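Each residue of the sequence shown is one higher than the one before, starting from 2 at the first, in the numbering used here. Each residue gets a CB set at the ideal place from its N, CA and C atoms; glycine is no exception. All values derive from a computational prediction rather than experimental measurement.
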Amino acid sequence: MSSNKREMKVLITGESENPTKMNIQAGKFNLTIDEPKQMGGTDEGPSPIQVLLMSLAGCLNVTGHEIARQKGYKLNGMKIQIEGVMNPCTFIGCSFEERAGFQNIIVTVNADMPDVSPEEKEAWLMETERRCPVTDNIKADTKITVINK
């Protein structure tokens with residue numbers, strides 16, 4: 002009897018250049034993450050929370066295209082808009098009554114699927130959301146272990 006359980010490890014490394022700016026390496030790619038000037042940053046890259054939402058958009062795109070391929074749907078492309086609503090007070094230390102992260106994330110998907118019925122498109126979108134690893138990590142309680150070296 003074979004198991005469908007697999008494990009894929011993903012590794013990134015980062016080094017801070019200053020209190021708000023981090024240079025991240027992911028495989029052969031480099032990304033600078035920074036805070037906007039109004040948050041004390043140098044605005045030389047997207048903020049960490051913007052990168053989270055960017056990751057969600059990218060993952061929904063890949064997942065949506067894969068599911069469309071599996072179902073034989075023609076998917077010409079996707080436009081995705083994501084808005085996150087959060088209270089920055091926990092992060093900056095003025096209040097600890099709310100969680101530090103987003104209270105709400107609104108994802109709007111405009112998928113160009115000319116040969117798919119509205120019902121099929123809705124089912125495809127729900128499956129895309131369910132199978133997207135980034136969506137799963139945002140929605141679920143993922144164990145995070147922080148190690149001090």
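Looking at the DSSP output, Val110 sits in a beta bridge with Ile81. Cα atoms of Ile34 and Thr14: separation of roughly 12 Å, rounded to the nearest angstrom.
For Asn31, the pairing in a beta bridge is given by DSSP as Gln26. When only Cα atoms are considered, Ser96 and Phe103 end up about 15 Å apart.
Assignment of Asn62 by DSSP, reduced to helix, strand and coil, places it in the helix class.
Counted as a single uninterrupted DSSP element, the alpha helix (DSSP H) harbouring Glu123 occupies residues 119 to 132. Where Thr14 is concerned, the enclosing beta strand (DSSP E) starts and stops at 14 to 17. Short of 8 Å from the beta carbon of Lys150, and not among the five residues preceding or following it, lies no beta carbon of its own chain. For Phe92, the enclosing alpha helix (DSSP H) has its first and last residue at 90 to 93.
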